[in-house]
Amino acid sequence: MKALLLGAVLSLAYTNGHTEIITYGSLTTDDMTNFITDTATQRQYTRFDAFALTYAELVAATQADEAWEGWTIADSQAADAFINALLNTVSACYGPVAHGAICGMLPGWIDGSFGISLTGVTDAFMYVSTAETPGSPSEEVGYVGFHNIGSVRKFDDWASKKGTDYWTKHSQFPIQFLLYRDPFVAPTPAAF
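Numbering (the working numbering), first residue to last: -4 to 187.
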């Protein structure tokens, strides 16, 4: 299962035959891999089209000996870190904000830069919502959208986990949960 899923993921990444480096803020990727790297922290994130898994499938895929072992499903804090790295500043969306708040603008944003998702004019990723939006019903999943005019919007209480299955399996351009992993740091030997 792990090899089959990883093979399918890798085949998605090598379809156009050339490499283009894409950088916004401290986030960089190329169009030949499934990863976005924060050059300031070395944290890696998955590109928005790295897989097409429901939430339950993704939880299973992040377990030991599975395709995404070692990766963590992003929560509100990880989504904020991604946005802050993208904008190279603490965004207007840091922490709980009004539903659909504009976090900032990305001059020169090109749709599909970090992976194709949602529509031909908006890319997006989902995350587990751990911050309640003031004045909005509490939901389990948040959403960050990137419009082709460069606006970045955040929706902390967007949908239920079960409700996200449609967006990952039945949408023409699926919206995926963002995964991240921090670099491995070898423990420092204890001084004697």
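By construction, the Cβ of each residue, glycine as well, lies at the ideal position given by its N, Cα and C atoms.
In this structure, residue 73 lies away from residue 63, with their beta-carbon atoms at least 8 Å apart. For residue 30, the enclosing beta strand (DSSP E) covers residues 30 to 33.
When DSSP states are grouped into helix, strand and coil, residue 158 belongs to the helix group. A distance of 8 Å or more separates the beta carbons of residue 138 and residue 126.
DSSP places residue 54 in the helix class (H, G or I) of the three-state scheme. With 16 or more other Cβ atoms inside 10 Å of its own Cβ, residue 121 counts as buried.
Between the alpha carbons of residue 109 and residue 94 lies a distance of about 23 Å. Of the residues assessed, residue 159 falls on the buried side of the cut-off, its CB having 16 or more other CB atoms within 10 angstroms. In the DSSP assignment, residue 136 forms a beta bridge with 123, 154.
The residue from 37, 40, 54 with its alpha-carbon nearest to that of residue 156 is 54. Taking 8 Å as the cut-off, the Cβ atoms of residue 46 and residue 167 do not count as close. Contact between residue 176 and residue 96 fails: their C-beta atoms lie close to 27 Å from each other, not under 8 Å.
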